[in-house]
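Numbering (my numbering), first residue to last: 20 to 470.
Even for Gly, the Cβ is constructed at its ideal location relative to N, Cα and C.
Here is the structure we will look at, set down as structure tokens.
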Amino acid sequence: MTTRRPHLYGLLRWVLLGSAVVVLLVFLHAQQQHGADVSYGRSPVDSTTVEKGPAQRVGDTSVPSVDEMTALVAASPVVRLPGSIARWNEQRVREAAGDHPVRILVAPPWLDEDEQRRVREVQNATIMVIGTDVVGEAYRAVPDDLPGWRAQFATADVTGPLVTLIAALRDVPAPADHEELRWREPSDRELAVVAADLRTRGLHAAAGTTLTGVPDKAAKTAFPDGARYVALPAQPFGEPLPRYGPALTQLFPGSPIIVMYGLWIEYHGPAADFAEVAGASFYGHFADRVSEYDYSQDKVLTAYLNRVTDIRYAGLFDRPLPYRPIDPLRVALPALPWLFAGCVATFLALSVRSLRRPDGVGIRWGGAPARLAGLTALAVEMSLLTDARSNPALTRGIVKLQAARAALDEDLPDRHVRSLLNEAADELDDGARTVGLVSYRPEFYLQGRLS
20 MTTRRPHLYG LLRWVLLGSA VVVLLVFLHA QQQHGADVSY GRSPVDSTTV
70 EKGPAQRVGD TSVPSVDEMT ALVAASPVVR LPGSIARWNE QRVREAAGDH
120 PVRILVAPPW LDEDEQRRVR EVQNATIMVI GTDVVGEAYR AVPDDLPGWR
170 AQFATADVTG PLVTLIAALR DVPAPADHEE LRWREPSDRE LAVVAADLRT
220 RGLHAAAGTT LTGVPDKAAK TAFPDGARYV ALPAQPFGEP LPRYGPALTQ
270 LFPGSPIIVM YGLWIEYHGP AADFAEVAGA SFYGHFADRV SEYDYSQDKV
320 LTAYLNRVTD IRYAGLFDRP LPYRPIDPLR VALPALPWLF AGCVATFLAL
370 SVRSLRRPDG VGIRWGGAPA RLAGLTALAV EMSLLTDARS NPALTRGIVK
420 LQAARAALDE DLPDRHVRSL LNEAADELDD GARTVGLVSY RPEFYLQGRL
470 S
């Protein structure tokens with residue numbers, strides 16, 4: 020009996036050490052899955068983007084050569100190439116220019132990269148407008164609020180960017196913002212036509228729109244309970260827009276209403292603040308791209324609905340999570356650090372006992388297991404404090420600790436075990452220095468713990 024007991028102690032020590040490592044790895048894996056996050060749901064959208072590339076151009080026309088455009092600009096202060104869509108308040112632009120000579124070249128939005136380059140090489144053009152993107156010399160003027168984006172994408176109005184850019188070219192303060200876009204209430208007939216389509220199909224697509232249908236997948240994730248959609252072509256510049264949103268919310272209370280005026284999208288319905296959040300998030304990200312190319316309403320609506328999904332799954336506006344069964348790991352997670360500490364403490368106690376045995380059994384490995392246990396304890400404490408910069412070093416250290424444990428189990432040479440422990444200590448030291456905690460550097464943490 021007495022000859023077997025040391026062997027049993029040694030076996031128990033390795034079982035405890037192995038259990039501690041397993042608990043540590045489970046705990047670290049759980050931290051990666053359930054770490055602190057600003058969201059409480061994972062969005063099913065892989066990425067929110069407007070597909071690259073312009074829509075099909077109108078006809079087979081192309082922009083003239085650089086020399087031809089240069090001659091056109093020299094002959095007229097405003098040159099509109101075929102297919103151009105940008106419009107502006109001419110009086111405000113003239114007042115902003117004053118006696119400063121301004122020549123504007125307006126190009127269509129469906130240009131490819133080579134055609135855009137040719138437009139920008141026209142040297143005598145003070146300002147170039149490609150689609151609704153306004154550039155001049157080293158400047159680029161873009162709207163930065165919802166009214167500016169609404170005017171730009173609903174009516175192709177670039178008055179604000181033009182006035183701002185001219186002020187920058189003259190090196191004078193930009194005039195106060197002035198919203199050109201005006202609203203009107205839809206007539207009874209207009210409202211009746213739209214409402215009838217929404218009741219039967221949930222979609223009203225007016226003549227001239229480029230929306231072929233509501234994207235099913237994006238719509239279901241953005242509005243699981245359904246929504247109603249109104250698509251209108253880009254509205255004529257200077258004419259009031261029919262304000263369908265408020266009228267339709269009265270006809271369909273509690274139902275989300277999406278209204279498209281050209282490439283401008285408005286939300287009306289429950290959670291009124293959602294409209295500003297979704298609009299600012301979407302156009303703040305994609306306005307530059309959408310202004311430069313002639314995207315179809317299908318692509319823009321799909322990208323908008325994907326952004327709505329991201330916002331809703333981020334925890335805003337009380338979107339409930341789908342049902343998830345109880346996860347035993349989440350329930351047991353608070354007990355894992357205590358379980359780890361118990362395994363390590365018992366392992367250390369048995370290691371001290373093996374070192375004090377007079378028969379010499381275990382003396383060969385007496386230092387390595389204790390150091391392995393100490394470094395393992397250090398790793399679990401560091402896991403609670405590491406961040407994205409220090410996580411790689413911690414992970415590499417844990418891998419080295421696992422290799423050292425396997426080497427001990429397989430009775431490999433002392434030199435190999437010590438080398439693995441040294442490498443693990445170096446990785447943990449690197450992680451501690453990255454975090455900025457001197458007390459967690461192995462040489463200080465293990466001081467007094469190992470003989």
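For residue j and residue i, believed in contact at Cβ under 8 Å, the rounded distance
i, j, result
"A392", "V418", "At roughly 17 Å, the Cβ-Cβ gap does not stay under 8 Å, so A392 and V418 are not in contact."
"V296", "P356", "In fact, because the Cβ distance is near 39 Å, the residues do not count as touching under 8 Å."
"A246", "S206", "Rounded, the Cβ-Cβ distance is 24 Å, inconsistent with contact."
"V82", "L100", "6 Å"
"I123", "V97", "5 Å"
"W33", "D428", "6 Å"
Within 7 Å, strictly: CB atoms of residue i and residue j
i, j, result
"V212", "A144", "no"
"L9", "Y464", "As shown, the chain starts at 20 and ends at 470. That puts residue 9 outside it, with no answer to give."
"A215", "L230", "no"
"L260", "Q269", "no"
"T453", "S409", "yes"
"W3", "A333", "Lying before the first or after the last residue shown, residue 3 is absent from the chain, which here runs from 20 to 470."
"A514", "T178", "It is not possible to answer for residue 514, since the shown part of the chain is limited to 20 through 470."
"H119", "R189", "yes"
"L200", "A170", "yes"
"G155", "I149", "no"
"L222", "A266", "no"
"G37", "L165", "no"
"V153", "L181", "yes"
"F293", "Y323", "no"
"L394", "L431", "no"
Inter-residue spacing [alpha-carbon to alpha-carbon] between residue i and residue j
i, j, result
"I277", "V125", "31 Å"
"R415", "S458", "20 Å"
"A451", "E462", "11 Å"
"R139", "S84", "11 Å"
"P243", "R308", "29 Å"
"A39", "F359", "5 Å"
"A224", "L217", "10 Å"
"V191", "P289", "44 Å"
"A90", "Q135", "18 Å"
"N325", "T240", "8 Å"
"G102", "L404", "58 Å"
"Y314", "F172", "11 Å"
"T219", "G232", "14 Å"
"W446", "M401", "What sits at residue 446 in the sequence shown is Glu, not Trp. About 12 Å."
"V87", "R137", "Here residue 87 is Glu; the residue named in the question, Val, does not match the sequence. Spanning the two alpha carbons is a distance of roughly 11 Å."
"R424", "R460", "21 Å"
"K236", "A389", "57 Å"
"A387", "A422", "13 Å"
Nonlocal neighbours in the same chain, by C-beta distance under 7 Å from residue i, ignoring five residues either side
i, result
"A175", "I104, A105, R106, T151, A253, F256"
"L31", "L369"
"Y263", "P205, V213, V249, V278"
"T228", "A250, L251, P252, Q316"
"D56", "Summary for D56: the model assigns pLDDT 46, below 50, so the residue's position carries little reliability; its value from the coordinates is reported in the next sentence. If we look at D56 and ignore the five residues flanking it on each side, it has no Cβ neighbours."
Own chain residues within Cβ distance below 6 Å of residue i, not counting five before or after
i, result
"D449", "A412"
"L35", "C362, T365, F366"
"Q466", "none"
Cβ neighbours of residue i in the same chain (closer than 8 Å, five flanking residues each side left out)
i, result
"G455", "none"
"G117", "R189"
"A186", "A115, P192, A193, P194"
"A426", "H435, V436, L439"
Report yes or no: do three or more beta-carbon pairs, one from the stretch 282-291 and one from the stretch 319-331, lie closer than 8 Å?
-> The stretch 282-291 makes contact with the stretch 319-331; the number of CB pairs closer than 8 Å reaches 3 or more.
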